[in-house]
Amino acid sequence: MSFCIGPDLMVNGLSSILEMGNIQVRRGEALLLEVPSLAIRKGEILCLIGPNGAGKTTLLQTLACLIKPFTGEIIFEGRRVDSGRPMFEYRRKLTMVFQEPLLFDTTVYNNVASGLKIRGMSRGETRKTVMEQIDRLGIAPLRDRSSRTLSGGEAQRTSLARALATQPEVLLLDEPFASLDPPTRESLITDLERILRQTRTTTILATHDRTEALRLSDRIAVMNRGKILQIGSPEDVMNRPSNEFVASFVGV
Numbered sequence: 012m013s014f015c016i017g018p019d020l021m022v023n024g025l026s027s028i029l030e031m032g033n034i035q036v037r038r039g040e041a042l043l044l045e046v047p048s049l050a051i052r053k054g055e056i057l058c059l060i061g062p063n064g065a066g067k068t069t070l071l072q073t074l075a076c077l078i079k080p081f082t083g084e085i086i087f088e089g090r091r092v093d094s095g096r097p098m099f100e101y102r103r104k105l106t107m108v109f110q111e112p113l114l115f116d117t118t119v120y121n122n123v124a125s126g127l128k129i130r131g132m133s134r135g136e137t138r139k140t141v142m143e144q145i146d147r148l149g150i151a152p153l154r155d156r157s158s159r160t161l162s163g164g165e166a167q168r169t170s171l172a173r174a175l176a177t178q179p180e181v182l183l184l185d186e187p188f189a190s191l192d193p194p195t196r197e198s199l200i201t202d203l204e205r206i207l208r209q210t211r212t213t214t215i216l217a218t219h220d221r222t223e224a225l226r227l228s229d230r231i232a233v234m235n236r237g238k239i240l241q242i243g244s245p246e247d248v249m250n251r252p253s254n255e256f257v258a259s260f261v262g263v
């Protein structure tokens with residue numbers, strides 16, 4: 012059965028920007044992900060939480076078109092994302108940051124500028140945008156440093172600056188704080204929270220840390236074994252868990 016959501020789909024009274032319907036991801040006979048329906052509203056921060064192997068990364072990679080689902084559809088701004096032009100346009104409006112920073116062997120400045128150069132931005136506009144992003148993330152003094160010399164926190168800040176420089180309409184974050192020590196993680200979360208609230212960038216963050224999710228999210232989706240067990244505001248999930256697993260995982 013074909014799944015189709017119109018551009019006026021509402022989530023808690025607000026229009027959605029991105030939807031998944033009847034999504035299944037399989038590896039052989041194994042079902043890795045099953046999402047009958049998921050709608051993300053424009054400007055929200057949705058946190059995916061769950062244990063290792065819950066399907067969080069698979070969901071993000073499916074949204075990023077890095078994994079082709081066995082069944083189902085992705086809808087972006089009312090248009091189905093499939094091969095050809097719709098997928099090309101969608102992927103230009105989306106960026107993904109991984110747990111380990113994937114930086115080029117060049118300076119911080121050139122790393123942050125890389126996506127802008129690919130898009131053909133002028134040198135002057137590129138410089139303005141890069142300086143704005145590295146200043147926001149507190150790495151302006153490092154702009155001429157080689158990526159090889161960066162600490163883990165500095166490298167992840169560079170990766171985030173590169174992602175945000177393209178002004179994505181959707182930002183996917185796959186446990187970006189997991190490899191950082193507590194002080195570095197706390198500092199980066201504080202800065203990222205401020206930036207996301209200022210820019211109202213639609214963000215989907217995967218984490219196994221419920222404290223991160225409670226702090227950053229507008230809504231939380233609790234996952235296990237490839238399924239979303241409950242989705243709602245942090246208050247709803249904490250105060251009204253849908254089942255014993257959700258209650259146990261969020262610490263109720």
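In our numbering, the protein residues as written are 12 to 263. Positions of the beta carbon are idealized from the N, C-alpha and C atoms, including for glycine. This one's a predicted model, so the numbers in the text were calculated from it and none came from an experiment.
Asked, Found
"What span of residues does the beta strand (DSSP E) with Ile231 cover, start to end?", "230-235"
"Excluding the 5 residues flanking Lys67 on each side, which residues of the same chain have their C-beta closer than 7 angstroms to its C-beta?", "Leu59, Gly61, Ala217, Met234"
"Which stretch, first to last residue, makes up the beta strand (DSSP E) that contains Gln178?", "No beta strand (DSSP E) holds Gln178; DSSP gives it neither H nor E."
"Mind checking whether Thr213 and Val181 have CB atoms under 8 angstroms apart?", "yes"
"Leu184: which of Glu84, Thr106, Ile206, Gly64 sits nearest, CA to CA?", "Thr106"
"With DSSP collapsed to three states, give me the class of Gly135.", "helix"
"First and last residue of the alpha helix (DSSP H) that includes Leu225?", "221-227"
"Do you know how far the Cα of Ile78 is from the Cα of Gly237?", "14 angstroms"
"Leaving aside the five residues before and after Arg72 along the sequence, list all residues of the same chain whose C-beta is less than 7 angstroms from its C-beta, in chain order.", "Arg is not the amino acid found at residue 72; the sequence shown has Gln there. Answer for Gln72: Ile78, listed in chain order."
"Should Gln209 be labelled buried (16 or more other beta-carbon atoms within 10 Å of its own) or exposed?", "exposed"
"Who are the near neighbours of Asp229 in its chain, counting only those whose CB is closer than 6 angstroms to its CB and skipping five residues on each side?", "Glu55, Ile56"
"Is Arg211 helix, strand or coil by DSSP?", "coil"
"Helix, strand or coil, according to DSSP, for Leu80 in the structure here?", "Note that residue 80 corresponds to Pro in the displayed sequence, not to Leu. The answer is coil: DSSP assigns Pro80 none of H, G, I, E or B."
"Suppose the cutoff is 8 angstroms on Cβ atoms and the five residues either side in sequence are ignored; what does the same chain contact list for Leu43 look like?", "Val36, Arg37, Gly66, Thr69, Gly237"
"When DSSP builds the beta bridges, which residues end up paired with Asp185?", "Ala217"
"Beta-carbon within less than 7 angstroms of Arg173's beta-carbon, same chain only, minus the 5 sequence neighbours each way: which residues are those?", "Asn122, Val123, Ser125, Gly126"
"Going by beta-carbon coordinates alone, are Ala166 and Thr140 separated by less than 8 angstroms?", "no"
"Do you know offhand how far Glu143's Cα is from Glu186's?", "24 angstroms"
"Could you tell me the distance, in whole angstroms, from the CA atom of Tyr120 to the CA atom of Val257?", "43 angstroms"
"Kindly give me the distance between the Cβ atoms of Met31 and Ile85, rounded to whole angstroms, as I take these residues to be in contact under 8 angstroms.", "6 angstroms"
"Beta-carbon separation of Pro10 and Ile34 under 8 angstroms?", "Beyond the ends of the chain as shown, which are 12 and 263, falls residue 10; an answer cannot be given."
"Looking at the structure shown, is Glu45 part of a helix, part of a strand, or coil, going by DSSP?", "strand"
"If you draw a straight line from the C-alpha of Gly39 to the C-alpha of Glu45, how long is it?", "15 angstroms"
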